[in-house]
Amino acid sequence: MYTQNSGYGQAILNMVSQMVPTFGRIFIVCSPSDVAKENYLRMQEICKSDPDGQLRFFGTNGYDDSTPLEQAYAAATTNNNDVILLDANTVHKVTTQISWSKSRVHLIGMDGGGRFTEQGARIQTAVGAAVASVVKVTGTRNSFRNIKFVQNDTNAAAINVVISAGSSTLWQNCSFIFEVTDNLDLTTACEVLIGEAGGTFDKCVFGNDCILSSAARSVTTLDTVTGSASSDSAKHNTFRDCMWTIQSSSASAKFFSVADTAGAKFRNTLINPVFQAVVNATNSAVILTATMASVSGLVEGNILVVNPATNCTDLCTTSDNVKAVGSSMNGGADTAYVGIGIVPA
5 MYTQNSGYGQ AILNMVSQMV PTFGRIFIVC SPSDVAKENY LRMQEICKSD
55 PDGQLRFFGT NGYDDSTPLE QAYAAATTNN NDVILLDANT VHKVTTQISW
105 SKSRVHLIGM DGGGRFTEQG ARIQTAVGAA VASVVKVTGT RNSFRNIKFV
155 QNDTNAAAIN VVISAGSSTL WQNCSFIFEV TDNLDLTTAC EVLIGEAGGT
205 FDKCVFGNDC ILSSAARSVT TLDTVTGSAS SDSAKHNTFR DCMWTIQSSS
255 ASAKFFSVAD TAGAKFRNTL INPVFQAVVN ATNSAVILTA TMASVSGLVE
305 GNILVVNPAT NCTDLCTTSD NVKAVGSSMN GGADTAYVGI GIVPA
């Protein structure tokens, strides 16, 4: 039998403690479909309940049909820097949108880490959930690492994958995709709706390159979000080494946009972003006309794009308060030319 105090059980907990730099409690989440798997059985033995009866291992659905992930989030204490670790073998389903209003609760996928896309720890909505997103974050200083977020609901309400409207949220090595096309003909659909204040998106991938989108929509949108931590626009956000991708039959789709003049405030900065539109003759997928779009009359904030790269026709046609710094390979000095790919000689 494995225990927390010796041998392999102790080594596992020491490893987890080293990779999770907080003083909070650690909760383990496994999928109910993995009940016969070695990792499930081992972690169930190691992670015993606390003396006060608090569970540390979640691997079965509750009497109220809540999933293990939903139960673990309910058990976490706000502002305690508790950590939820997701097993990376089977998808983790949620019955409804997780409203992540707690602060300093961290979610980490245990798939080895470092993946740019196709993370092994996957969170997915149930069909018929009829909610906007998989997760809506409105708390402060929460972290999400090594996770693939999947919107799988065909309901008309399911127009986002994630809503990031917290304060100082970290998204690291995460990907955000629609897995069904039902709402990708809506201009209101976007993978990530951002009303975040001081967020960090590090090595994340936004969008799906293998299912077809048909609307003049945006993959990510800066906007005000009801219930956000700051009750304000998207501001102070940093996107570092991220990629945006889409397969679209509409050339009017965008990768990154500002919803309106109240959508962005102060600073929003993109460092080394890559924007790639899939070209696929079978699906009539085309290059986009413009990678980004500001909004006419934006005066409360600005967007700086550093070293962008795209295969789209232009970088940013509506460029109010947008500046780009990087290589110009298309013969011009405007943001419409910086970072545009060329056909090699």
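The sequence shown: position 326 = 330 (the numbering used here), numbered continuously. Quick reminder that beta carbons are idealized off the backbone N, C-alpha and C, glycines included. Owing to the predicted nature of the structure, the values given are computational and were not obtained by experimental measurement.
- Query: Going straight from the alpha carbon of Met-247 to that of Arg-29, what length do you get?
  - Reply: CA-CA distance, Met-247 to Arg-29, rounds to 33 angstroms.
- Item | DSSP bridge partner residues for Val-1 (one or two, in chain order) | With the chain covering 5 to 349 only, the question about residue 1 has no answer from this structure.
- Task: Kindly indicate which three-state DSSP category Glu-122 falls into: helix, strand or coil?
- Result: Under the three-state reduction of DSSP output, Glu-122 falls in the coil class, being neither helix nor strand.
- Message: Does Asn-85 pass the burial test, meaning 16 or more other C-beta atoms within 10 Å, or should it be called exposed?
- Response: Taking every protein chain shown into account, the CB of Asn-85 has 16 or more other CB atoms within 10 angstroms, so this residue is buried.
- Return the CA-CA distance between Val-282 and Ile-250, expressed in angstroms with no decimal places. In a straight line, the C-alpha of Val-282 is about 6 angstroms away from that of Ile-250.
- Query: Can you list the beta strand (DSSP E) stretches of 3 or more residues lying completely in the segment 189–266, in chain order?
  - Reply: As far as the segment 189–266 is concerned, its whole beta strand (DSSP E) runs of at least 3 residues are 194–198, 204–206, 222–226, 238–244, 247–252 and 258–262.
- Query: Closest by CA to Ser-254, which one among Gln-22, Pro-25 and Ala-294?
  - Reply: Of Gln-22, Pro-25 and Ala-294, the residue nearest in Cα terms is Ala-294.
- Task: Could you pull out every residue in the same chain whose Cβ sits closer than 7 angstroms to the Cβ of Ala-161, ignoring the five residues on either side in sequence?
- Result: Closer than 7 angstroms at the Cβ level, and outside the excluded window around Ala-161, lie Ala-134, Val-135 and Ala-136.
- Task: Sort out for me which residues DSSP pairs Cys-178 with in a bridge.
- Result: Per DSSP, none; premise fails for Cys-178.
- Message: If you measure between the beta carbons of Asp-91 and Val-33, is that distance less than 8 angstroms?
- Response: Yes. Within cutoff.
- Query: What separation, rounded to the nearest whole angstrom, lies between the Cα atoms of Val-223 and Gln-48?
  - Reply: Their Cα atoms are separated by approximately 39 angstroms.
- Message: Looking at the secondary structure, which residues open and close the beta strand (DSSP E) in which Asn-272 lies?
- Response: Here the beta strand (DSSP E) through Asn-272 covers 268–275.
- Identify the residues that DSSP records as bridge partners of Ser-288: which are they? DSSP output for Ser-288 lists no bridge partner at all.
- Of the choices Gly-63, Ile-198 and Gln-280, whose alpha-carbon is the least far from that of Ser-252? The shortest C-alpha separation from Ser-252 is found at Gln-280.
- Do the segment 199–219 and the segment 170–190 meet, that is, are 3 or more Cβ pairs less than 8 angstroms apart? Touching, yes.
- Query: What is the C-beta distance between Gly-143 and Ser-105, in whole angstroms, given that I count them as a contact (C-beta under 8 angstroms)?
  - Reply: Rounded, the Cβ-Cβ distance is 5 angstroms, consistent with contact.
- Who are the near neighbours of Gly-301 in its chain, counting only those whose CB is closer than 7 angstroms to its CB and skipping five residues on each side? If we look at Gly-301 and ignore the five residues flanking it on each side, its Cβ neighbours are Thr-265 and Asp-324.
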